[in-house]
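First the structure, in the form of structure tokens, and then the observations on it.
Number of protein chains: 2
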Amino acid sequence: VKINTVILGFGNVGRGFASVLLRKAEYLHKRLDIQLIVLGVVEIGPDGSFHSAFSEHGLDLMKLLETRRKTGTISAYSGAGGHYSSLELIERSGAQLMLEMTPTNLKEGEPGLSHIGAALARGMSVVTSNKGPLLFGFKDLKRLAEDNNVGFGYSAAVAGALPIIPTGCYALAGCQVDSIEGILNGTSNYILTEMTNSGVAMQQALVKAQQMEIAETDPRLDIEGYDTAFKLLISANSIMDADAKISDVKVSGIEHVTQDAIEQTRSRGCMLKLIGRARRTDDHVDMSVGLEEIHPEHPFYSVNGIWKAVKFETDLLGGIVLLGGKSDPELAAGAMLRDIVNLARESRIEGGGRLDKRF
Amino acid sequence: VKINTVILGFGNVGRGFASVLLRKAEYLHKRLDIQLIVLGVVEIGPDGSFHSAFSEHGLDLMKLLETRRKTGTISAYSGAGGHYSSLELIERSGAQLMLEMTPTNLKEGEPGLSHIGAALARGMSVVTSNKGPLLFGFKDLKRLAEDNNVGFGYSAAVAGALPIIPTGCYALAGCQVDSIEGILNGTSNYILTEMTNSGVAMQQALVKAQQMEIAETDPRLDIEGYDTAFKLLISANSIMDADAKISDVKVSGIEHVTQDAIEQTRSRGCMLKLIGRARRTDDHVDMSVGLEEIHPEHPFYSVNGIWKAVKFETDLLGGIVLLGGKSDPELAAGAMLRDIVNLARESRIEGGGRLDKRF
Chain E
5 VKINTVILGF GNVGRGFASV LLRKAEYLHK RLDIQLIVLG VVEIGPDGSF
55 HSAFSEHGLD LMKLLETRRK TGTISAYSGA GGHYSSLELI ERSGAQLMLE
105 MTPTNLKEGE PGLSHIGAAL ARGMSVVTSN KGPLLFGFKD LKRLAEDNNV
155 GFGYSAAVAG ALPIIPTGCY ALAGCQVDSI EGILNGTSNY ILTEMTNSGV
205 AMQQALVKAQ QMEIAETDPR LDIEGYDTAF KLLISANSIM DADAKISDVK
255 VSGIEHVTQD AIEQTRSRGC MLKLIGRARR TDDHVDMSVG LEEIHPEHPF
305 YSVNGIWKAV KFETDLLGGI VLLGGKSDPE LAAGAMLRDI VNLARESRIE
355 GGGRLDKRF
Chain B
5 VKINTVILGF GNVGRGFASV LLRKAEYLHK RLDIQLIVLG VVEIGPDGSF
55 HSAFSEHGLD LMKLLETRRK TGTISAYSGA GGHYSSLELI ERSGAQLMLE
105 MTPTNLKEGE PGLSHIGAAL ARGMSVVTSN KGPLLFGFKD LKRLAEDNNV
155 GFGYSAAVAG ALPIIPTGCY ALAGCQVDSI EGILNGTSNY ILTEMTNSGV
205 AMQQALVKAQ QMEIAETDPR LDIEGYDTAF KLLISANSIM DADAKISDVK
255 VSGIEHVTQD AIEQTRSRGC MLKLIGRARR TDDHVDMSVG LEEIHPEHPF
305 YSVNGIWKAV KFETDLLGGI VLLGGKSDPE LAAGAMLRDI VNLARESRIE
355 GGGRLDKRF
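Below is the structure:
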């Protein structure tokens, strides 16, 4: 099956995806009968200007990556370069699938939210790596996808190497999930591990994490617990059918952890971990993020460094724990590819977007 | 979507499935739009005779369970009881889905192998909890399902509470899985844990496991490593696309483990575990089962008692670890329900079996 595809965003994630796609093209074709034809790509420059490449016959990804590397813009792609906006590409391309990999906006999810909405409403399936739109419009986007009978994949936006969403969706299909708890942020787990193992202060551990490029230059979202809360919220809205907003999550982080607290926890034989927790109550889902003492019998006790973990409690299958540790630029690409394969398997990627007759 | 279903086997697993189905019927209908209509059930009595209940309008599962409990045979189901054979039910029912839950035959997989083959060839989807047919005919059955464009679910046959097959199939979709290693047998892991914690001999730990109904009366398959080998083999054939037989797996078990060996391992800070291991080589997949010393950094170190674990190494998503611990009669039911939901989602359960005109 050939899938005509457009890509929004060609930063690290987008270019990582293109590289992975080149490497896996033969595997996808021969083993899974999937051929992704990339018709168009749009990237927004630092000045807000649109750069695009579009050909109804498909772009050569190798050439696209090379053009981007050599000239700094995909609009230099010979014969197909231009300056379509994201919406123009959605309307113009008639593609069946949109891959949304623009930078995350945590204020109101735009422009990803509008773009995903426009694509779904037009009958295109969407796979995204972008948390923003999920934080502000998950239920609406999900409903839009259902109403238009198209696929909507978002597992790459929730801890790519830890397949929380596919596990909830497929491995636990038919179960009611009663709780989700997890170590969902690699940076804060690395810092806590470093403080425990090396006896250093929080600030020193953070600097080391930044040197190792585990922590961002602005690490506040990680250490204040918000990245954990975002992943928890999307997971609970998706898997536990909650209908919550980020303001419904009680959030605290690791920013005030002292060596003293670490030592006291160790003296009790435990480990201090930043845990996100969603629990089903009679009529809704309670969510919180905060430090917890983890006992040696708990499967999270030995989840250290940048490893993440999640535990689901279910009615039919008991407790299921997932651990995953990979963290690199190609991870999101792998997670997006997974969503594409699963949607293709469910025959959710079909038909193709309705062409806008204005073009 | 209504799914006309027949059930082969009405022992603990079959009756457990019926109970779970009664309990989850509303959830399945309202949330997932799935209605399972059980048209017929066949059970083979201890004397080899067939007992059946069949109605083209569907059976009342509550009444079926009650009839079985009160009279010892489903053929006493008023108005629909009889003595159809398994093949007669397959041919007669025109059902879309067959649930195969007959006892496992580890010699040649029969009669499950023939029954599954007959159903698939007739255009019925099949979900099974039975290892036997998978050990002897996995590739053939898989191909038969593809050729007939129907679904074939078997995750319940491979460590139900540890969703190895759905993880390989969905969470790791698009990845190449390079190795699978796991603690796949709860009984032997329980015995090793008990030997470690209580300092008792293998034989004593086994007796305790039998008293707690963790170990079977005949525990040889568990402690000699074969149950682990069976699960490993099915996983590798399914997820790593191996094409191996049980004789290709080097198997050793825990039957000769002494307290001395346990103590020596502990003195090195490690734990002794029975590990199944499948590794991709240039041209095939190497498989073995045996005791290994597990270091404290390894995620299996703290997998104790009846908990099981599996670790996948993949090209795109790095290492993914799964832990699961539940073990009860309803587990297989939960795993089968999962397969049914996933196949329905992929629209693999459609059409219905081709009716045999002889009836």
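Residue numbers (this note's numbering), protein chains in the order written: chain E, 5 to 363; chain B, 5 to 363. Note that beta-carbon positions come from the ideal geometry of N, C-alpha and C, so glycine has one too.
Item: Helix, strand or coil: which one does DSSP assign to residue 224(B)?; Value: helix
Item: Specify the secondary structure class of residue 235(B) as computed by DSSP and reduced to three states.; Value: helix
Item: Determine the direct distance from the alpha carbon of residue 152(E) to that of residue 106(B), and round the result to whole angstroms.; Value: 42 Å
Item: At the level of alpha carbons, what is the spacing between residue 23(B) and residue 132(E)?; Value: 39 Å
Item: Confirm the yes/no value for this check: CB of residue 83(B), any heavy atom of the ligand MN, distance under 7 Å.; Value: Looking at this structure, you won't find the ligand MN or any other ligand, since it has none at all.
Item: Does residue 230(B) have its Cβ less than 8 Å from a Cβ in chain E?; Value: no
Item: Using CA atoms only, rank isn't needed, just tell me which of 344(B), 221(B), 125(B) and 287(B) is closest to residue 244(B).; Value: 287(B)
Item: Reducing DSSP to helix, strand and coil, say where residue 262(E) ends up.; Value: coil
Item: I'd like to check one pair, residue 349(E) with residue 350(B): are the Cβ atoms closer than 8 Å?; Value: yes
Item: Looking at the structure shown, is residue 66(B) part of a helix, part of a strand, or coil, going by DSSP?; Value: helix
Item: Between 181(B), 98(B) and 150(B), which lies nearest to residue 289(B) when the distance is taken from Cα to Cα?; Value: 181(B)
Item: Mind checking the stretch 251-284 of chain B against chain E and listing, in chain order, the residues whose C-beta falls within less than 9 Å of any C-beta there?; Value: none
Item: What whole-angstrom Cβ distance do residue 95(E) and residue 140(E) have, given they're in contact under 8 Å?; Value: Contact doesn't hold; Cβ gap of about 23 Å is too wide.
Item: Taking the alpha helix (DSSP H) that residue 140(B) falls in, what are its first and last residues?; Value: 135-151
Item: For residue 304(E) versus residue 277(E), is the C-beta distance shorter than 8 Å?; Value: yes
Item: I need the straight-line Cα distance from residue 125(E) to residue 353(E), nearest angstrom please.; Value: 14 Å
Item: Let me know the secondary structure DSSP gives residue 340(B) once reduced to three states.; Value: helix
Item: Applying the 10 Å Cβ sphere with the 16-neighbour rule, what's the burial state of residue 5(E)?; Value: exposed
Item: Return the residue from the list 188(E), 254(E), 211(E) and 187(E) that minimises the CA-CA distance to residue 198(E).; Value: 211(E)
Item: Pick out whichever of 98(B), 15(B), 219(B) and 83(B) has its Cα sitting closest to the Cα of residue 73(B).; Value: 15(B)
Item: Is any beta-carbon of chain B found at less than 8 Å from that of residue 333(E)?; Value: no
Item: Would you check if there are 3 or more beta carbon pairs closer than 8 Å linking the stretch 169-176 of chain B to the stretch 320-337 of chain B?; Value: yes
Item: Within 8 Å (strictly less), CB to CB, does residue 49(E) reach chain B?; Value: no
Item: By a C-beta neighbour count over all protein chains shown, 10 Å radius and 16 as the cutoff for buried, is residue 264(B) buried or exposed?; Value: exposed
Item: Find the residues of chain E that neighbour residue 322(B), judging by a C-beta separation of less than 9 Å, and give them in chain order.; Value: 165, 328, 329, 330, 331, 332, 335 and 338
Item: Identify whether residue 102(E) lies in helix, strand or coil by the three-state DSSP scheme.; Value: strand
Item: By the 10 Å Cβ neighbour count, where 16 or more other Cβ atoms means buried, how is residue 100(B) classified, buried or exposed?; Value: buried
Item: Grab me the residues of residue 213(B)'s own chain with a C-beta within less than 8 Å of its C-beta, minus the 5 sequence neighbours each way, in chain order.; Value: 191, 194, 195, 198, 219 and 223
Item: Which whole-angstrom value is the C-beta distance of residue 32(E) and residue 164(E), which I expect to be below 8 Å?; Value: Not confirmed; about 18 Å, so no contact.
Item: Do residue 347(E) and residue 28(E) have their beta-carbon atoms positioned less than 8 Å apart in this structure?; Value: no
Item: Taking a Cβ distance cut-off of 9 Å, strictly less, list which residues of the stretch 172-185 of chain E are near chain B, in chain order.; Value: 173, 174, 175, 176, 177, 178, 179 and 180
Item: Report the residue from 104(B), 77(B) and 273(B) whose alpha carbon sits nearest the alpha carbon of residue 119(B).; Value: 104(B)
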